[in-house]
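Beneath this line is the structure, given in structure tokens, with notes to follow.
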Amino acid sequence: MDLTETQISSEKIFNGTFVSIAQDKVRLPNGNESFRIVIRHPGAACILAVTPDDKVVFVRQWRYACDKAMLEFPAGKLEEGEDPAVCALRELAEETLFEAERVELMRTFYTAPGFCDEKMYLYRAINVSQTSKLEPDQDEFVETVVLSREEVLQALKNGEIEDAKTVIGLQEWLLEG
Numbered sequence: 764m765d766l767t768e769t770q771i772s773s774e775k776i777f778n779g780t781f782v783s784i785a786q787d788k789v790r791l792p793n794g795n796e797s798f799r800i801v802i803r804h805p806g807a808a809c810i811l812a813v814t815p816d817d818k819v820v821f822v823r824q825w826r827y828a829c830d831k832a833m834l835e836f837p838a839g840k841l842e843e844g845e846d847p848a849v850c851a852l853r854e855l856a857e858e859t860l861f862e863a864e865r866v867e868l869m870r871t872f873y874t875a876p877g878f879c880d881e882k883m884y885l886y887r888a889i890n891v892s893q894t895s896k897l898e899p900d901q902d903e904f905v906e907t908v909v910l911s912r913e914e915v916l917q918a919l920k921n922g923e924i925e926d927a928k929t930v931i932g933l934q935e936w937l938l939e940g
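According to my numbering, the stretch in the sequence shown is residues 764 to 940, in order.
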């Protein structure tokens, strides 16, 4: 069965600093026409950083859309043409007290494919150390939180970790043993 929807036209509704929103007219697989609202995003990278003593590095930051502070992996949007691995390393160093020697790609996924094309790159930090001298961006207010495996499990059970990229990365980490 062909499930392809084909764009007929696109009308830009909003063009922001890092996302744009369009209303697209599409042809459905059955030949009918419909509309789709699409948020275009440059993509993002996040990083699972585990310290030598097996603790996970998180950031707690206010998420305005959710109206609360959330506990999540360091992450950030990709700059135009930026290597996602470079972005992940930068975000770890800017948002926390930690750095990594390098990263390994764990997985990629779409964050909200029903209405957004944001592709997330999830990396594992290699050789993590508490040596960062970088600062968060001027409009970014974050708190570094480091949790043991047991504390991570408790935070998941308590619903303290609700961010999808973080849940996905923690699932991979916890399943490894």
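Yeah, the Cβ is synthetic: ideal placement off N, Cα and C, and Gly gets one too.
Query raised in the report: Okay, do the region 787–806 and the region 869–884 touch, 3+ Cβ pairs below 8 Å being the bar?
Result: yes
Query raised in the report: Can you give the Cα-Cα distance for Ile-810 and Asp-787, rounded to whole angstroms?
Result: Walking along the sequence shown from the start, residue 810 turns up at place 47. Walking along the sequence shown from the start, residue 787 turns up at place 24. Rounded to the nearest angstrom, the two C-alpha atoms are 33 Å apart.
Query - the region 808–825 / the region 899–911 touching (three or more Cβ pairs under 8 Å) - result: yes
**Report entry** Distance, Leu-933 Cα to Glu-923 Cα
**Finding:** Taking the sequence shown and counting its residues from 1, one reaches residue 923 at position 160. Taking the sequence shown and counting its residues from 1, one reaches residue 933 at position 170. Rounded to whole angstroms, Glu-923 to Leu-933 spans 13 Å at the Cα level.
Query raised in the report: If you draw a straight line from the alpha carbon of Ala-856 to that of Thr-769, how long is it in whole angstroms?
Result: As a working mapping, residue 856 is identified with position 93 in the sequence shown. As a working mapping, residue 769 is identified with position 6 in the sequence shown. Cα to Cα, the separation comes out at about 42 Å.
Query - Per-residue burial, Ile-931 [other beta carbons within 10 Å of its own, 16 or more giving buried] - result: Counted from its first residue, the sequence shown places residue 931 at position 168. When all chains shown are included, Ile-931 counts as buried.
Requested in this report: Please go through the same chain and pick out, in chain order, the residues whose beta-carbon is closer than 6 Å to the beta-carbon of Phe-821, but skip the five residues on each side of it.
Outcome: One-based indexing of the sequence shown puts residue 821 at position 58. The answer, listed in chain order, is Leu-834, Val-908.
Query - Sheet register partners of Ile-771 (DSSP bridge) - result: In the sequence shown, residue 771 corresponds to position 8, counting from 1. Ile-771 is not bridged to any residue.
Requested in this report: Please report the residue range of the beta strand (DSSP E) in which Glu-925 lies.
Outcome: By 1-based counting over the sequence shown, the position of residue 925 is 162. Counting along the chain, Glu-925 falls outside any beta strand (DSSP E), and DSSP gives it neither H nor E.
Requested in this report: Kindly indicate which three-state DSSP category Gly-806 falls into: helix, strand or coil?
Outcome: Here residue 806 refers to the residue found at position 43 when the sequence shown is read from its first residue. Residue state, collapsed to three classes: coil.
**Report entry** Cβ-based neighbour list, Glu-858, same chain, cut-off 6 Å, excluding 5 preceding and 5 following
**Finding:** Mapped onto the sequence shown, residue 858 falls at position 95. Closer than 6 Å at Cβ, skipping near neighbours: Val-822, Pro-837, Pro-899, Val-905.
Query - Three-state class that DSSP yields for Val-819 in the structure shown - result: Numbered from 1 along the sequence shown, position 56 holds the residue referred to as residue 819. Val-819: strand per DSSP, three-state reduction.
**Report entry** Bridge-paired residues (DSSP) for Lys-840
**Finding:** As a working mapping, residue 840 is identified with position 77 in the sequence shown. According to DSSP, Lys-840 bridges with Ala-807.
Query raised in the report: Is Cys-850 closer than 8 Å to Ala-888 when the C-beta atoms are compared?
Result: In the sequence shown, residue 888 corresponds to position 125, counting from 1. In the sequence shown, residue 850 corresponds to position 87, counting from 1. Contact: no.
Query raised in the report: Going by the CB atoms, is the gap between Tyr-884 and Thr-871 shorter than 8 Å?
Result: The sequence position of residue 871 within the sequence shown is 108, counting from 1. The sequence position of residue 884 within the sequence shown is 121, counting from 1. The answer is yes: Cβ separation under 8 Å.
**Report entry** Local conformation of Lys-896 per DSSP, three classes
**Finding:** Stepping through the sequence shown from its first residue, residue 896 is reached at position 133. In the structure shown, Lys-896 sits in coil (DSSP, three-state: anything other than H, G, I, E or B).
Query raised in the report: If you draw a straight line from the alpha carbon of Thr-780 to that of Ser-911, how long is it in whole angstroms?
Result: The sequence position of residue 780 within the sequence shown is 17, counting from 1. The sequence position of residue 911 within the sequence shown is 148, counting from 1. The straight-line gap from Cα to Cα measures roughly 37 Å.
Requested in this report: State the DSSP-derived secondary structure class of Gln-824, mapped to helix, strand or coil.
Outcome: Position 61 of the sequence shown holds residue 824. It is a strand residue.
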